[in-house]
Amino acid sequence: MSVAMMAGSKAASANAATAIGKAEYARRRARLIAALGDDSLAIVPAAREQLRSRDTYFPFRQDSDFHYLTGFEEPEALLVLMPGRAQGESLLFCRERNAEKEIWDGPRLGPERAAEHCGLCDAFPIGDLDDILPGLLEGRARIYYSMGRFPQLDRRLQNYLHTIDNAPGSTGVPEMVGLDHLLHDLRLYKSAQELRLLARAAEITAEAHRRAMVRCQPGLFEYQLEAEILHTFVDAGAREPAYPTIVGGGKNALVMHYCSNAAPLKNGDLVLVDAGCEFRGYAADVTRTYPVNGRFSPVQKALYEIVLAAQQSAIDTIRAGNDWDQPHAASVRTTTEGLVDLGLLRGDVDGLIESGAYRRFYMHRAGHWLGMDVHDAGDYRVHGQWRQLEAGMVMTVEPGIYIAADDKQVPEKFRGIGIRIEDDVALTRDGVQVLSAAAPKTVADIEYLMGETEVQGELW
Ligand code: GLY
Ligand code: MN
Ligand code: MN
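Residue numbers for the sequence shown follow this note's numbering, beginning at 438 and rising by one.
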């Protein structure tokens with residue numbers, strides 16, 4: 438077997454263990470149905486196709502809520518959950534088959550096969566929605582539906598309710614209640630199968646960061662590191678990044694959502710790469726910052742070590758029973774202490790934290806939930822209190838230090854440097870697992886990996 442074939446079969450076998458079966462989708466629906474209550478109904482629409490230019494669409498991505506409950510990959514579909522309905526509690530509306538359109542756009546399941554494929558009770562053509570859905574709404578006390586995301590469907594539902602209200606003998610209309618709270622609470626706790634998918638997404642992403650580090654050298658353009666990242670994603674079967682890849686050399690690292698990725702990488706600068714793939718609907722979100730020429734300068738190293746220590750202090754607080762704010766608070770303390778040691782902040786650490794003075798250099802939170810969406814669903818506070826961490830939760834840990842290029846209050850040698858280190862962390866019953874650990878992040882590991890490539894001198 439050739440090396441390429443071996444690499445291909447390795448990726449294929451790593452991917453094979455991760456598919457989510459229809460039993461898990463059924464379990465998720467059953468959990469949501471149990472939370473809804475018998476006199477209610479829930480509506481979850483599929484994503485719409487998005488026009489990219491004239492008659493060409495962006496690659497279709499299914500809505501995460503809809504995907505979570507069905508595994509159904511087509512647009513123009515709608516899931517209806519009806520707790521207690523004797524003829525079946527889960528119904529799907531979807532496109533009918535169409536021989537002509539399928540020649541151009543590929544196969545559609547059609548209602549009959551979709552019901553079987555997704556383990557749903559029944560499926561109807563989406564074109565029959567106006568005839569069927571109003572009858573299903575009638576007599577239910579509550580409709581769980583998240584308004585505001587699909588304006589056309591919002592209007593359609595309001596028309597249905599108006600018609601029901603005006604019908605002779607009407608006893609009133611169901612109350613509309615947002616579904617996000619209940620559904621997103623389920624999505625926050627990842628199953629073993631979901632953890633495997635997230636681990637695979639992080640593993641592919643770590644490999645991509647390694648590949649970019651190995652290629653990195655002065656004179657390359659930022660987009661050339663992006664190319665290494667995207668190559669690794671697609672090659673491993675993760676066709677899309679979970680969010681636009683950020684490759685920011687030098688002071689471009691100070692722009693939080695930088696993604697033009699068009700500048701040349703300069704000898705002596707750091708480069709910040711924030712990139713994660715989406716694998717089978719699950720996201721990775723990983724940042725590494727490293728010297729373009731493979732060697733940290735003393736100033737870069739001093740700042741980098743603070744961010745690394747801040748990240749470790751945050752990870753050390755992730756355990757069941759601690760709350761969501763503890764990792765952030767730990768990272769703020771370690772960062773502030775480090776900045777005081779370096780003379781970038783002056784004063785007492787508690788006071789600098791209390792006044793928020795540290796925010797001049799560290800202006801974002803230490804992380805967010807991670808799952809199907811990169812900034813995943815789930816409340817961070819419950820009844821006004823920070824949420825307690827529990828097994829099954831997955832989050833990023835991503836402190837940073839960013840020193841504005843024109844900050845005259847700090848010595849010049851520090852200006853224009855942006856550093857973030859971001860990992861994906863799962864809290865399981867066995868403890869904490871850093872899913873993206875294979876992407877090097879200590880100074881020694883980064884310099885070792887990058888030292889294997891030759892620096893060819895400054896081209897720009
Ligand atoms: N890449 C988006 C984030 O780090 O939150
Ligand atoms: Mn990120
Ligand atoms: Mn993030």
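Note that beta-carbon positions come from the ideal geometry of N, C-alpha and C, so glycine has one too.
The structure displayed is predicted, hence computed values, not measured ones.
Selected residue, minimal CA-CA separation from residue i, among the options
i                 : options                        : result
alanine 551       : Phe530, Glu539, Gly543, Pro571 : Phe530
threonine 879     : Leu702, Glu791, Gly525, Phe733 : Phe733
aspartate 813     : Met830, Lys688, Gln822, Met800 : Met830
glutamine 825     : Asp844, Val847, Leu864         : Leu864
aspartate 867     : Asp760, Asp882, Ile755, Gln822 : Ile755
aspartate 568     : Tyr494, Arg577, His820, Thr600 : Thr600
methionine 584    : Arg593, Gly576, Ala578         : Arg593
phenylalanine 561 : Phe798, Leu807, Pro548         : Pro548
methionine 693    : His801, Pro678, Ile666         : His801
phenylalanine 497 : His504, Phe503, Pro512, Tyr505 : Pro512
proline 482       : Arg797, Ala604, Gly687, Asp591 : Asp591
proline 877       : Asn698, Tyr462, Glu644         : Glu644
tyrosine 817      : Lys845, Asp844, Asp760         : Asp760
tyrosine 903      : Arg647, Gln763, Glu486         : In the structure as shown, the chain starts at 438 and stops at 897, and residue 903 therefore has no counterpart that could be examined.
alanine 747       : Glu827, Arg532, Leu776, Ala757 : Leu776
glutamate 849     : Leu781, Ala699, Ile790, Glu539 : Leu781
asparagine 596    : Pro571, Ser628, Gly718         : Pro571
arginine 637      : Gln822, Tyr695, Ile470, Arg717 : Arg717
valine 517        : Ala471, Val729, Tyr582         : Tyr582
valine 614        : Leu473, Ala803, Thr726         : Leu473
glutamate 612     : Arg577, Pro605, Arg624, Tyr626 : Arg577
aspartate 476     : Ser490, Met519, Ala463, Gly731 : Met519
serine 697        : Leu707, Gly686, Leu619, Gly705 : Gly686
isoleucine 580    : Lys538, Ala639, Val610         : Val610
serine 628        : Leu691, Glu539, Ile457, Ala757 : Ile457
leucine 625       : Met887, Ala875, Lys845, Gly808 : Gly808
CB contact flag (residue i, residue j, <8 Å)
i                 : j                 : result
leucine 566       : leucine 528       : no
proline 836       : threonine 772     : yes
isoleucine 858    : phenylalanine 851 : no
aspartate 955     : glycine 525       : The chain is shown only over 438 to 897; residue 955 falls outside these bounds and no answer can be derived.
alanine 720       : aspartate 810     : yes
cysteine 555      : lysine 703        : no
leucine 662       : alanine 649       : yes
valine 871        : aspartate 860     : yes
serine 750        : alanine 767       : yes
glutamate 715     : alanine 679       : yes
phenylalanine 503 : alanine 484       : yes
isoleucine 838    : glutamine 737     : no
leucine 506       : arginine 466      : yes
alanine 406       : isoleucine 641    : For residue 406 there is no data in the structure shown, the boundaries of the chain being 438 and 897.
tyrosine 574      : leucine 478       : What sits at residue 574 in the sequence shown is leucine, not tyrosine. Yes, these two residues count as a Cβ contact at 8 Å.
asparagine 535    : glutamine 654     : no
valine 819        : tyrosine 795      : no
threonine 726     : leucine 707       : yes
threonine 724     : valine 710        : yes
Residue i: CB within 7 Å of a non-hydrogen atom of ligand 2
i             : result
aspartate 711 : yes
threonine 724 : yes
Any non-hydrogen atom of ligand 1 closer than 7 Å to residue i Cβ
i             : result
histidine 554 : no
tyrosine 695  : no
histidine 812 : yes
tyrosine 719  : no
tyrosine 680  : yes
Residues bridged to residue i (per DSSP)
i                 : result
valine 610        : In the DSSP output, where bridge partners are listed per residue, valine 610 has none listed.
arginine 818      : Trp823
leucine 691       : Partner(s): none; leucine 691 has no beta bridge.
threonine 726     : Leu709
cysteine 714      : Pro678
tyrosine 839      : Gly855
tryptophan 541    : DSSP output for tryptophan 541 lists no bridge partner at all.
tyrosine 581      : Ala479, Val614
aspartate 760     : Gln825
cysteine 555      : In DSSP, cysteine 555 forms no bridge with anything.
glycine 868       : Thr865
serine 490        : Thr493
tyrosine 719      : Phe716
leucine 518       : Ala479, Ser527
methionine 832    : Trp806, Val862
glycine 686       : Val708
phenylalanine 658 : Pro701
Proximity test, residue i beta-carbon vs ligand 5 heavy atom, cut-off 7 Å
i            : result
tyrosine 626 : You won't find ligand 5 in this model; what it holds is ligand 1, ligand 2 and ligand 3.
Short CB-CB distance (under 8 Å) between residue i and chain D
i          : result
valine 684 : Reference to chain D is not applicable here, since this structure consists of a single protein chain.
Pocket of ligand 3 (residues with CB nearer than 6 Å to any heavy atom), chain order: Asp722, His805, Thr833, Glu835, Glu859
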